[in-house]
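First residue of the sequence shown? That's 1 in UniProt numbering, and the numbers climb one at a time after it.
Just so it is clear, CB atoms sit at the ideal spot from N, CA and C, and this is done for glycine as well.
Bear in mind the structure is a predicted one, so any value in this text is a computation, not a measurement.
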Amino acid sequence: MKLFPAAGPLEFVAMDLLGPLPKTAHGNQFVLVITDRFSRLTRSIALRTTTTAVVTNAFLENWVYVYGAPQYVLTDNGPQFAAKFFDAVCALLGIHHYLTTAYHPQTNGQTERFNKTIVQRLRHYVEEHQRDWDEFLQPLAYAYNIQVHRSTETTPFDLVLTRQPSGLTVAGTAPQAAGVAHDDPRTPVQYKRATLRKLRDVLDRARVKMTAAQKRYKENFDKKVRFRPVIQEGDQVYVDRPPPALRAAERRGRDGQGLGTDDMSVKLLPKTEGPFRVRKATDTTVTVEQDRLPVPVSIDRVTRMPRGLGDRTMPTEGISAPSERINPPHGDGANTPEEFVVELLVAHRDIPTGLEYKVRWYGYIPADDTF
């Protein structure tokens with residue numbers, strides 16, 4: 001795993017788009033998340049659309065004109081960020097633009113983690129119809145920015161501002177921040193020097209803590225990295241849905257042509273498709289058979305089913321792949337010693353208790369396929 005450390009606050013920011021979410025009363029369906037990779041300071045901006053012009057203007061209005069232009073920007077390779085217009089704006093401001101590697105969202109891990117946090121917290125506040133989530137974005141981002149982060153052992157605001165903002169309390173007021181009094185006897189010059197000393201001390205401590213946290217994060221991540229299994233022609237595999245496919249699926253659903261509706265979040269769709277039979281496999285690409293057509297996909301998106309699962313007798317409850325009990329072709333299998341051999345997993349579907357598989361039985365025709 002390769003790290004992208006930030007040298008100081010407001011120098012290196014990461015951006016990501018969250019959505020589409022259910023359309024609010026204000027017409028918003030998306031969230032632009034901007035995170036400072038050093039301080040963890042985060043802004044979340046509700047958007048109606050995600051065109052390049054809208055996203056770029058939101059970045060300028062809510063970050064550049066507030067905190068100044070960063071030296072570096074990290075984004076995914078979505079069409080909004082890969083557009084020439086966005087790159088032209090970055091070049092005009094002297095910003096170096098980096099794109100994450102496809103299907104490796106870990107590169108932009110901080111923003112991805114905030115996305116999960118903001119979605120989790122929104123669940124506690126939005127109404128049942130989910131049409132008012134944009135009213136809670138700014139308060140939740142503020143609450144996030146005044147929390148102490150484990151990696152820096154301080155708050156994002158403390159690394160960016162000269163004084164920590166007041167916290168949020170039930171009564172609506174908070175005690176005066178320590179060390180900041182209205183009757184401070186120091187002169188402006190003395191106060192400025194003391195503030196700079198404090199800021200240097202805070203930044204030095206944050207750098208030490210962040211370096212240790214990044215090392216720990218890398219070690220933990222590398223421990224979880226699994227060696228790629230050898231995939232051969234004839235294997236059956238599951239394929240991860242890429243984010244563009246998920247967004248397209250929901251758009252088709254809103255048009256009445258496929259999965260998803262206006263009230264369904266893309267996060268509720270299955271994350272994988274399959275199983276598919278492998279036609280061809282290389283070190284980087286796997287060609288699977290989908291609707292009798294060859295479809296090449298990156299090997300990073302493929303998970304191989306255990307070999308032998310489709311060519312042995314009826315599987316038991318304890319197989320490693322997610323499954324439910326497979327019924328024999330005829331009857332419920334009770335009071336009969338006969339065993340049936342599974343030749344092929346044809347399809348699968350979601351049921352309340354998990355996944356159910358449609359199988360082709362050895363020696364039977366496709367018309368006898370059963371779930």
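inquiry  = Taking the straight line between their C-alpha atoms, what separation do you get for Thr42 and Asp300?
reply    = In the sequence shown, the residue the question calls residue 42 occupies position 42. In the sequence shown, the residue the question calls residue 300 occupies position 300. Between the C-alpha atoms of Thr42 and Asp300 there is a straight-line separation of about 30 Å.
query = Tell me, which residues are paired with Ala46 by DSSP?
reply = The residue given as residue 46 occupies position 46 in the sequence shown. Ala46 pairs with Val31.
request  = With DSSP collapsed to three states, give me the class of His182.
outcome  = Reading the sequence shown from its first residue, position 182 is the one you call residue 182. Because the pLDDT at His182 is just 44, under 50, the model does not fix this residue reliably, and the value given afterwards should be weighed accordingly. Residue state, collapsed to three classes: coil.
request  = Report the rounded CA-to-CA distance for Pro366 versus Arg360, giving the unit in angstroms.
outcome  = Walking along the sequence shown from the start, residue 366 turns up at place 366. Walking along the sequence shown from the start, residue 360 turns up at place 360. Using only the alpha carbons, I get a separation of about 7 Å.
inquiry  = Counting beta carbon pairs with one atom in the region 78-91 and one in the region 48-56, are three or more of them shorter than 8 Å?
reply    = Short answer: they touch.
ask   = What are the boundary residues of the alpha helix (DSSP H) that includes Phe276?
value = The residue labelled residue 276 in the question sits at position 276 within the sequence shown. From DSSP, Phe276 is part of no alpha helix (DSSP H) but of the beta strand (DSSP E) over Thr272 to Ala281.
task = Pull up the DSSP beta-bridge partners for Ala14, would you.
result = Within the sequence shown, numbered from 1, the residue matching residue 14 stands at position 14. Per DSSP, Thr35 and Leu74.
query = Whose CA, out of Ala143, Gly19 and Pro306, lies closest to the CA of Gln232?
reply = Translated into positions along the sequence shown, residue 232 becomes position 232. Measuring C-alpha to C-alpha distances from Gln232 to each of Ala143, Gly19 and Pro306 identifies Pro306 as the nearest.
key: Distance between beta carbons of Phe12 and Tyr65, contact taken as under 8 Å   = To locate residue 65, count along the sequence shown from 1; it is residue 65. To locate residue 12, count along the sequence shown from 1; it is residue 12. Wrong, their Cβ atoms sit about 18 Å apart, outside the cutoff.
message = Which residue wins for smallest C-alpha separation from Ala141, given the options Arg241, Asp36, Pro22 and Ala69?
response = As a working note, residue 141 is residue 141 in the sequence shown. Cα-wise, what sits closest to Ala141 is Asp36.
ask   = Residues in its own chain within less than 7 Å of Glu356 by CB, not counting five upstream and five downstream?
value = Numbered from its first residue, the sequence shown carries residue 356 at position 356. If we look at Glu356 and ignore the five residues flanking it on each side, its Cβ neighbours are Glu324, His348, Arg349 and Phe371.
request  = Would you grab the beta carbon distance between Pro294 and Val237 for me? Rounded to a whole angstrom, and I think it's under 8 Å.
outcome  = Here residue 294 corresponds to residue number 294 of the sequence shown, with the count starting at 1. Here residue 237 corresponds to residue number 237 of the sequence shown, with the count starting at 1. So it is not a contact: roughly 14 Å between Cβ atoms.
Sequence-distant residues of the same chain with beta carbon closer than 7 Å to Lys271, five excluded per side = As a working mapping, residue 271 is identified with position 271 in the sequence shown. Cβ within range, chain order: Asp240 and Arg241.
query = Based on the DSSP secondary-structure assignment, which residues constitute the bridge partners of Lys358?
reply = Position 358 of the sequence shown, counting from 1, holds the residue named residue 358. Its beta-bridge partners are Ala347.
key: Exposure of Gly234, with buried meaning 16 or more beta-carbon neighbours within 10 Å   = On the sequence shown, position 234 is the one that residue 234 refers to. Gly234 counts as exposed, since fewer than 16 other beta carbons sit within 10 angstroms of its beta carbon.
request  = Say yes only if the C-beta of Leu122 is nearer than 7 Å to one or more non-hydrogen atoms of the ligand PLP, and no if none qualify.
outcome  = Within the structure as shown, the ligand PLP is missing, as the structure has no ligands at all.
key: CB contact flag (Tyr67, Leu10, <8 Å)   = For the purposes of this step, residue 67 is taken as residue 67 along the sequence shown, with counting starting at 1. For the purposes of this step, residue 10 is taken as residue 10 along the sequence shown, with counting starting at 1. Result yes, Cβ atoms of Tyr67 and Leu10 sit closer than 8 Å.
inquiry  = Rounding to the nearest angstrom, what Cα-Cα distance links Glu289 and Arg277 in this structure?
reply    = Stepping through the sequence shown from its first residue, residue 289 is reached at position 289. Stepping through the sequence shown from its first residue, residue 277 is reached at position 277. So the two alpha carbons sit approximately 6 Å from each other.
ask   = Are Asp132 and Ala25 close, meaning C-beta to C-beta below 8 Å?
value = Position 132 of the sequence shown, counting from 1, holds the residue named residue 132. Position 25 of the sequence shown, counting from 1, holds the residue named residue 25. Contact flag set, yes.
query = Quick one: Cα of Leu74 to Cα of Trp63, how far?
reply = For the purposes of this step, residue 74 is identified with residue 74 of the sequence shown, where counting begins at 1. For the purposes of this step, residue 63 is identified with residue 63 of the sequence shown, where counting begins at 1. One Cα belongs to Leu74, the other to Trp63, and the distance between them is close to 14 Å.
ask   = CB-CB under 8 Å to residue 375, same chain, minus the five flanking residues each way: which ones, in chain order?
value = Residue 375 is absent from the model: the chain starts at 1 and stops at 371.
task = Determine the extent of the alpha helix (DSSP H) in which Thr56 is found, giving its start and end residues.
result = Sequence index remark: in the sequence shown, residue 56 carries index 56 (1-based). DSSP places Thr56 in the uninterrupted alpha helix (DSSP H) bounded by Thr52 to Phe59.
key: Cβ-Cβ distance between Leu137 and Ser39 below 8 Å   = Here residue 137 corresponds to residue number 137 of the sequence shown, with the count starting at 1. Here residue 39 corresponds to residue number 39 of the sequence shown, with the count starting at 1. No, these two residues do not count as a Cβ contact at 8 Å.
message = Measuring straight from C-alpha to C-alpha, what distance separates Val89 and Val286?
response = For the purposes of this step, residue 89 is taken as residue 89 along the sequence shown, with counting starting at 1. For the purposes of this step, residue 286 is taken as residue 286 along the sequence shown, with counting starting at 1. When only Cα atoms are considered, Val89 and Val286 end up about 38 Å apart.
task = If I'm right that Arg48 touches Gly27 with Cβ under 8 Å, what's the distance once you round it to whole angstroms?
result = Within the sequence shown, residue 48 is the residue found at index 48, counting from 1. Within the sequence shown, residue 27 is the residue found at index 27, counting from 1. The Cβ separation is near 5 Å, so the contact holds.
ask   = Where do the N-terminal and C-terminal ends of the beta strand (DSSP E) with Leu161 fall, by residue?
value = Working through the sequence shown from its first residue, we reach residue 161 at position 161. No residue range can be given for Leu161, since it is assigned to no beta strand (DSSP E) and is classified by DSSP as neither H nor E.
query = Are the Cβ atoms of Asp369 and Lys358 separated by less than 8 Å?
reply = Here residue 369 corresponds to residue number 369 of the sequence shown, with the count starting at 1. Here residue 358 corresponds to residue number 358 of the sequence shown, with the count starting at 1. Yes, the pair counts as a contact, with Cβ atoms nearer than the cut-off.
task = Tell me whether Arg304 sits in a helix, a strand or coil according to DSSP, three-state version.
result = In the sequence shown, residue 304 corresponds to position 304, counting from 1. Assigned with DSSP and collapsed to three states, Arg304 falls in strand.
inquiry  = Can you tell me where the beta strand (DSSP E) holding Leu137 begins and where it ends?
reply    = Taking the first residue of the sequence shown as 1, we reach residue 137 at position 137. Where Leu137 is concerned, there is no enclosing beta strand (DSSP E), although the alpha helix (DSSP H) it sits in stretches over Leu137 to Asn145.
key: Beta bridge counterpart(s) of Pro296 as assigned by DSSP   = One-based indexing of the sequence shown puts residue 296 at position 296. The partner list for Pro296 (beta bridge, DSSP) reads Thr287.
request  = Assuming residue 377 contacts Val148 (C-beta within less than 8 Å), just tell me the rounded distance between them.
outcome  = Outside the modelled stretch of the chain, which goes from 1 to 371, sits residue 377, for which no answer is possible.
task = Take Gln176 and list the residues in its own chain whose beta-carbon comes closer than 7 Å to its own, dropping the five residues that flank it on each side.
result = Here residue 176 refers to the residue found at position 176 of the sequence shown. Any reading at Gln176 needs caution, since the residue's pLDDT is 43, under 50, leaving its predicted position unreliable; the model's value is listed next. Counting only Cβ-Cβ distances below 7 Å, and skipping sequence neighbours, we find nothing.
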